[in-house]
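Every number in the working numbering is 27 more than the matching position in the sequence shown, counting from 1. Heads up: the structure comes next, in structure tokens.
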Amino acid sequence: MNRRDYLVAGASLGTAGLAGCSFLAAAATPAPNVPKQRLDDGGWTRTNQASETVLERSYGPVTIEAVSNTVQYVDEQLQERVASRTLDQVQTALSVFFATRVDFSPDLDNLPAGAGRAELLSQVQSNARETFEQQMRNQGLTDIEKTGEGTLDIDTGETADTVKLSAAYPFQGISFDVTEGKSVELPPTDIDISALLAVWHHGDYVLISGGAYPAQNFDQVVENSLSEGITVTVDVDLGLEPEAYRTEIRGLVAGVQ
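Next up, the structure:
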């Protein structure tokens, strides 16, 4: 498993598919407010923050511009624990989180006669999912499938529309040297991954947030024959807790504003 952190998405996660580019305009959009204390307590580390213009469209005399600001995090505490349990052979971040704020000018609540409002919100939601899935593929995840839709109550009182996804992370196997010329190997296999994407309207802007996490523990027992008289048994248990990660991701998303 020598891939770099999977799903550590680019600066435009959730909004890159919309179009446009303007650094000067992007610089004016504040970052989303994330639940910093929860992130700190959970051992999360910010890995990137970036802004860009993601939409510019005219409706008659009105030109609408949308600008995003995205922050990304990895669960570094989990990453370090997995590395320790595998003698530093597995360095991948297995849980990730992101939040994006999209500002519109003029803002959505002040469009003349509501011009294009429903279309813009629909486009943001559709492209958020498309870009999220593409980022998953770019980072080596396979078999990405939608597993459901739903809603999530946000701490600020709104209700987010959510999409649930499943995927597979191709664990490439690891090898442990036992003696010179002899090693114990764990064969390649897949680790199930779950992901959540949420989109909602907050104030005069749109928020997109979500994350991915292991959907199963990794626990393998492998017997390797080193000679006619020696058989070595290796038990690797990463101690992953899918339900705890699911609850954590949902809580982090709910805390964005």
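C-beta atoms are modelled at their ideal positions from N, C-alpha and C, and glycine is treated no differently.
Strand pairing of F245, partner residues [DSSP]
Beta-bridge annotation (DSSP): F245 is not paired with any residue.
Assuming I218 and Y232 make a contact with CB atoms under 8 Å, what is their CB distance in whole Å?
About 35 Å; that fails the 8 Å criterion.
Meets three-Cβ-pair contact criterion under 8 Å: the stretch 89-103 and the stretch 117-130
Yes, the stretch 89-103 touches the stretch 117-130.
So L170 is in the beta strand (DSSP E); what residue range does that whole segment cover?
It should be pointed out that residue 170 corresponds to Asp in this sequence rather than to Leu. Going by DSSP, D170 is part of the beta strand (DSSP E) stretching over T169 to D180.
Contact check, V226 vs V151, beta carbons under 8 Å:
Contact: yes.
Identify, in the order they occur along the chain, each residue of the same chain with its Cβ nearer than 7 Å to the Cβ of A58, setting aside the five sequence neighbours on each side.
The residues are Q76, N96, V98 and R128.
According to DSSP, which residues form a beta bridge with Y232?
The partner list for Y232 (beta bridge, DSSP) reads D130 and H229.
So, is N154 buried or exposed, given that buried needs 16 or more other C-beta atoms within 10 angstroms?
By the Cβ neighbour-count rule, N154 is buried, with 16 or more other Cβ atoms within 10 Å of its own.
Where G266 and V283 are concerned, what is the direct C-alpha to C-alpha distance, given to the nearest angstrom?
Rounded to the nearest angstrom, the gap between the Cα atoms of G266 and V283 is 28 Å.
Exposed or buried, which one is Q64 when buried takes at least 16 other CB atoms within 10 Å?
Flag for Q64 reads exposed.
Label P62 either buried or exposed according to how many other C-beta atoms from any shown protein chain fall within 10 Å of its C-beta, with 16 as the threshold for buried.
Buried is the call here.
Would you kindly report the start and end of the unbroken alpha helix (DSSP H) that includes N154?
Residues R144 to N165.
Mind checking whether I201 and L213 have CB atoms under 8 Å apart?
In this structure, L213 lies closer than 8 Å to I201 by Cβ.
Checking the sheet assignment: what are the DSSP bridge partners for Q99?
Bridge partners of Q99 according to DSSP: N75 and F125.
Inter-residue Cα distance where the pair is R156 and P269
R156 and P269: Cα-Cα distance of roughly 22 Å.
Buried/exposed call for A54, threshold 16 Cβ in 10 Å
In this prediction, A54 scores a pLDDT of 46, lower than 50, which makes its location untrustworthy; no coordinate-derived value is stated.
Let me check understanding here. Comparing Cα to Cα, which of Y272, N60, E146 and Q104 lies closest to R84?
If we check each option's Cα against that of R84, E146 comes out closest.
Which residue's Cα is closest to the Cα of Q104: G230, V211 and L121?
Of the listed residues, the one whose Cα sits closest to Q104 is L121.
P241, buried or exposed, once every other Cβ within 10 Å from all chains shown has been counted against 16:
Around the beta carbon of P241, a 10 Å sphere encloses 16 or more other beta carbons of the protein chains shown; the residue is thus reported as buried.
Can you tell me the Cα-Cα spacing of V261 and P215, whole angstroms?
C-alpha of V261 to C-alpha of P215: approximately 15 Å in a straight line.
Residues in its own chain within less than 8 Å of N137 by CB, not counting five upstream and five downstream?
So the list reads D231, once near-sequence residues are dropped.
So which of G87, D134 and G69 has the shortest CA-CA distance to R108?
Of G87, D134 and G69, the smallest CA-CA separation from R108 is found for G69.
How should Y33 be labelled, buried or exposed, when 16 other C-beta atoms within 10 angstroms of its C-beta is the threshold for buried?
Note that Y33 scores a pLDDT of 48, beneath 50, so its modelled location is shaky; the value from the coordinates is reported in the next line. Of the other Cβ atoms in all chains shown, 16 or more fall within 10 Å of the Cβ of Y33; this residue is therefore buried.
Answer yes or no: do T169 and A194 have a C-beta to C-beta separation smaller than 8 Å?
For the 8 Å CB-CB criterion, T169 and A194 form a contact.
Helix, strand or coil: how does DSSP classify A55 here?
In the displayed model, A55 falls within coil according to three-state DSSP, outside both helix and strand.
Per DSSP, which one or two residues make a beta bridge with G237?
Beta-bridge pairing links G237 to F125 and L224.
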